[in-house]
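Read the structure below first, then the notes.
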Amino acid sequence: MTSRAKTETSALRDLVALAWPATLGMTVHSLYRINDQYFVQDLGVEAQAAVAVGSMVALWYFAFGQLISVGNLAITSRRLGEGRQAAARRSIRTAVRMAFLVGLLLALLTLLFRGPLSELLIPGEESAGERRMFLDYVFWVGLGQVVMAILPSVDSSFFAMKNSRIPMCLEIFAVGTNVLLNSIMVPRMGVEGAGLATALSRIIPLICGLALLRASGQRRLLSGPISGRIALRILRIGAPACLAIGIYTAVYQVMLAWTFPRFGSGGRSVLGPGFGIESVFFCFYFGFGQAVGSLVGRSLGAGRVELAREVARLALWINLLLGLASGLCFWLFGPALVGMLASAEEAVEANSEYLNYMAFAQPFQAVQIVYEQVLIGSGLTMPVMISTGVMNAIRIPLAQFLAVGMGMRLPGIWWAINLSTLGKFLWALLLYRRGHWSSHQV
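Heads up: the sequence shown runs through residues 12 to 453, numbered per the numbering used here.
Right, here's the structure in full:
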């Protein structure tokens, strides 16, 4: 077997071994949104819209979890690739402690600002009931950030160690618990029960994750001082990723306040079942992307640039095939998928139409994720933030122009999303081809 063939075989083996648990774990994680939509569907289209808008706020919370976990993944995987075990453990300790403080801050902000936020995202006297349900849901999801903000850093620590099975198992347990709690709480408490179930279901997985990190050699994960030098490095790498996700969710929140009100609760409900179904398929792409980020970081730390390139090349082909298959699935089975999560005719129609339009974007989105995760794994997060941030921000005026100015209504919003996704793909391709990531120092 030639040296090139050996490298390709080794890269494929490592990629698949790390990616399949990551993909399954991410897919299971995405079921949180679908669980909530499934259990509140009998409460009506307003309840589904309230949970959909609340889920977009939860995505904003998720951005701050990524602030720490992305920096931790890049630094810890690079230190492990260099053989510096003690430095890797210091990075993990610092990340977990920082994530705990972030969770406390998010919980406090929820208590202070959830009222004004509800008025902004769900305006109008006719939407008073939907706003009340939104407030109930976001209250518990926001308080739950004390636990939920730490889990991404726990997961990224295991990913850096080339162990994606533990995060997968923690996610499976968490979602299983969420299903059980939703089935008990939603019939008794309504939408508020869905939010409480989401928060409670993360507690035991976090305890188990911290215990497993301790068993791997970590000590004093939540207590003790934070290393200022490592913290600044984590923030420098993670801040662009956090800002990119923050811009992404802020864009949807601006559209919710500006463009979506013209189309009522049915339009807002699309950010529930339709967006949730798309998120499940997105997790297949992101699972391979996350594996690429870890392997690229370790390969560059070990000075094996060609191995990093080979991992990226293989992941690109895999994700392209996944994206094509997802788009076809949206075309053929979109209404059937939506029908499992929505019963109101208005919601079923709007969500099915959404998936029909989103089919176009899936291959481009799948490949874009690999390009971006290669850059993130190398520590080059700022270019990713700029490219995704700019293209996501373009969605606001473009959606308003197409949906309102051109009279396309909801399809105008979906085309704005598709066109900006194509733009993100082209920008990520250019960043990857420039090749600066292969020599970047962390």
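The beta carbon of each residue, even a glycine, is placed where N, CA and C say it ideally should be.
Note that the coordinates shown come from a computational prediction; the quantities given were computed from them, not determined experimentally.
8 Å contact criterion, which residue i and residue j should meet: CB distance rounded
i: V190; j: A69; result: Actually they do not touch by this definition, with Cβ atoms about 17 Å apart.
i: M144; j: A61; result: 4 Å
i: S398; j: W438; result: 4 Å
i: I86; j: I245; result: 6 Å
i: I407; j: A414; result: About 11 Å separates the two Cβ atoms, so there is no contact after all.
i: Y296; j: V186; result: In fact, because the Cβ distance is near 19 Å, the residues do not count as touching under 8 Å.
i: V81; j: I248; result: 6 Å
i: S41; j: S290; result: 4 Å
i: S88; j: S305; result: 5 Å
i: G114; j: Q156; result: 5 Å
i: A252; j: T392; result: 5 Å
i: T34; j: C294; result: 6 Å
Straight-line Cα distance separating residue j from residue i
i: V395; j: L441; result: 11 Å
i: Q379; j: Y263; result: 20 Å
i: I256; j: M67; result: 11 Å
i: Q452; j: F341; result: 41 Å
i: M109; j: Y368; result: 40 Å
i: Q59; j: S310; result: 45 Å
i: P457; j: G338; result: No statement about residue 457 is possible, as the shown extent of the chain runs from 12 to 453 and does not include it.
i: L26; j: I387; result: 16 Å
i: L352; j: F292; result: 16 Å
i: Y72; j: L78; result: 10 Å
i: R315; j: S129; result: 50 Å
i: A358; j: L84; result: 39 Å
i: G329; j: L267; result: A small fix is needed here, since residue 329 is Ile in this sequence, not Gly. Rounded to the nearest angstrom, the two C-alpha atoms are 34 Å apart.
i: A2; j: T270; result: Because the chain in this structure spans residues 12 to 453, residue 2 falls outside the shown range and cannot be described.
i: L327; j: N403; result: 22 Å
i: F184; j: R176; result: 12 Å
i: L232; j: F169; result: 14 Å
i: N193; j: A302; result: 31 Å
i: R213; j: S431; result: 34 Å
i: M159; j: A98; result: 25 Å
i: E93; j: G298; result: 24 Å
i: P422; j: Y365; result: 8 Å
i: M196; j: D147; result: 13 Å
i: V307; j: R444; result: 15 Å
i: I215; j: L123; result: 27 Å
i: I336; j: Y259; result: Looking at the sequence provided, one finds Ala at residue 336 rather than Ile. Answer to the nearest angstrom: the Cα atoms are 25 Å apart.
i: E182; j: L211; result: 13 Å
i: L331; j: G300; result: 12 Å
i: V349; j: F371; result: 18 Å
i: R324; j: A377; result: 13 Å
i: V51; j: G201; result: 7 Å
Buried/exposed call for residue i, threshold 16 Cβ in 10 Å
i: F344; result: exposed
i: D53; result: exposed
i: G135; result: exposed
i: S234; result: exposed
i: T20; result: exposed
i: Q96; result: exposed
i: P163; result: buried
i: H447; result: exposed
i: E383; result: buried
i: L243; result: exposed
i: E57; result: buried
i: A222; result: exposed
i: M417; result: exposed
i: S389; result: buried
i: I45; result: buried
i: G283; result: buried
i: A139; result: exposed
i: S354; result: exposed
i: A226; result: exposed
Limits of the unbroken alpha helix (DSSP H) element including residue i
i: A361; result: 356-369
i: M196; result: 176-200
i: M172; result: Where M172 is concerned, there is no enclosing alpha helix (DSSP H), given that its DSSP letter is neither H nor E.
i: I245; result: 239-269
i: W448; result: It is not in any alpha helix (DSSP H) - W448 carries neither H nor E in the DSSP assignment.
i: Q301; result: 284-312
i: Q458; result: Examination of residue 458 is not possible in this model, given that the chain is present from 12 through 453 alone.
i: G338; result: 316-350
i: R225; result: 214-226
Below-8 Å beta-carbon distance, residue i vs any chain C residue
i: A323; result: The structure shown contains no chain C, having only a single protein chain.
What are the complete alpha helix (DSSP H) segments, minimum 4 residues, inside the segment 108-165? 139-154, 156-159
Which complete alpha helix (DSSP H) runs does the segment 366-418 hold, if anything under 4 residues is left out? 373-388, 393-411
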